[in-house]
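If you count the sequence shown from 1, you need to add 133 to reach the numbering used here. Glycine included, every Cβ here is placed at the ideal spot set by N, Cα and C. These numbers were taken from a predicted model, which means no experiment stands behind them.
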Amino acid sequence: MLCREIVQVIEAAYPREAALDFDNVGLLAGRAEKEVKKVYIALDATDQVIDEALKEGADMLITHHPLIFSPLKRVTDEDLAGRRVMRLIGADISCYAMHTNYDVLGMAELSEKVLGIKDTEVLDATMMREGKEEGIGRIGNLEEPMTLRECCVYVKHKLNLGSIKVFGDMDQNISRMAVSPGSGKSAVAPAIAKGADVLVTGDIGHHDGLDAVGEGLAVIDAGHYGTEYIFMEDMRRFFEHKLPGIEAVTAPVVHPFQVI
134 MLCREIVQVI EAAYPREAAL DFDNVGLLAG RAEKEVKKVY IALDATDQVI
184 DEALKEGADM LITHHPLIFS PLKRVTDEDL AGRRVMRLIG ADISCYAMHT
234 NYDVLGMAEL SEKVLGIKDT EVLDATMMRE GKEEGIGRIG NLEEPMTLRE
284 CCVYVKHKLN LGSIKVFGDM DQNISRMAVS PGSGKSAVAP AIAKGADVLV
334 TGDIGHHDGL DAVGEGLAVI DAGHYGTEYI FMEDMRRFFE HKLPGIEAVT
384 APVVHPFQVI
């Protein structure tokens with residue numbers, strides 16, 4: 134199957150038009166006419182991921198985060214992004230990114246299912262699709278109220294994490310949860326506006342966390358990677374159901390930092 138035909142199937146479910154204005158999604162490197170028998174699915178196009186894609190004999194690399202985000206003025210071996218682009222093109226591996234279009238039409242619903250929240254609505258609406266509001270994140274109710282301390286254990290279990298960071302009173306009662314996978318600073322305001330008791334997200338800084346607590350919102354920082362690695366298995370299942378003739382392999386779940 135050709136790369137462009139695979140892209141057509143992906144974009145029927147996750148159209149590029151759903152991506153936010155700042156984003157860079159789609160085929161970012163390689164040949165649209167490339168014959169693809171095997172894809173490698175990862176969160177980021179790191180050197181290690183490219184190594185593994187080569188070892189696996191992949192014809193196409195599919196990532197959540199774009200390999201090329203800021204504009205490139207040159208592609209040489211003198212900078213990191215250029216070296217990665219050159220390696221992929223040299224190996225004839227097409228590289229495709231599905232970022233905020235997947236966040237809006239895939240990650241939001243997936244995260245609500247993983248965390249088991251009910252009666253949900255979109256946290257931060259960005260578009261209408263087929264008469265339905267879509268956007269970044271979800272907010273809804275937990276099946277049973279719990280303390281923030283219990284909620285931390287619950288989130289760690291659901292996302293299979295070794296550690297999290299939390300802002301808030303550990304004895305606070307939690308019944309309404311917002312989730313915004315990835316970098317969630319911008320999700321604080323809509324979570325407060327929609328009455329969340331806690332926001333589960335990543336990349337929360339010191340002042341962001343303190344200010345959220347000051348507004349009555351607890352924040353569980355489960356990490357950028359920790360809230361988004363679920364993309365990989367979800368896309369593997371997508372290929373299994375939509376493109377069964379293509380072998381899909383996922384990168385191993387390896388958190389990019391360690392807590393010591």
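Alpha helix (DSSP H) segment containing residue i, residue limits
i       : result
Lys-291 : 281 to 292
Ile-325 : 321 to 326
Ile-297 : Ile-297 -> no alpha helix (DSSP H), and no H or E assigned at all.
Leu-187 : 180 to 188
Ile-143 : 136 to 146
Ala-241 : 241 to 248
Beta-carbon spacing of residue i, residue j below 8 angstroms
i       : j       : result
Glu-348 : Ile-325 : yes
Leu-292 : Tyr-147 : no
Ala-381 : Arg-369 : yes
Leu-294 : Ile-139 : no
Ser-308 : Leu-275 : yes
Ile-269 : Asp-236 : yes
Met-365 : Ala-186 : no
Met-240 : Gly-273 : no
Glu-245 : Val-312 : yes
Thr-259 : Arg-271 : no
Thr-304 : Thr-334 : First, the amino acid is wrong: residue 304 is Asp here, not Thr. Not closer than 8 angstroms, so no.
Leu-332 : Leu-343 : no
Reduced DSSP category for residue i - H, G, I as helix; E, B as strand; rest coil
i       : result
Arg-271 : strand
Lys-171 : strand
Asn-306 : strand
Ala-165 : coil
Lys-206 : coil
Ala-230 : strand
Ala-152 : coil
Leu-176 : coil
Val-158 : coil
Range covered by the beta strand (DSSP E) that runs through residue i
i       : result
Val-404 : Any property of residue 404 remains undetermined from this structure, which presents the chain solely from 134 to 393.
Asp-257 : 251 to 262
Interface flag, residue i vs chain C, CB-CB below 8 angstroms
i       : result
Cys-285 : Here chain C cannot be found, since the structure has a single protein chain.
Could you pull out every unbroken alpha helix (DSSP H) segment of at least 4 residues lying fully inside the stretch 335 to 384, listed in chain order?
339 to 347, 357 to 361, 363 to 375
Is it a yes or a no for the stretch 230 to 242 touching the stretch 146 to 155, going by three-plus beta-carbon pairs under 8 angstroms?
yes
Taking one C-beta from the stretch 351 to 364 and one from the stretch 302 to 317 each time, how about it: are there three or more such pairs within less than 8 angstroms?
yes
Segment contact, 8 angstroms Cβ cut-off, at least three pairs: the stretch 215 to 222 with the stretch 155 to 169
yes
Cβ pair count under 8 angstroms reaching 3, the stretch 168 to 181 against the stretch 189 to 201:
yes
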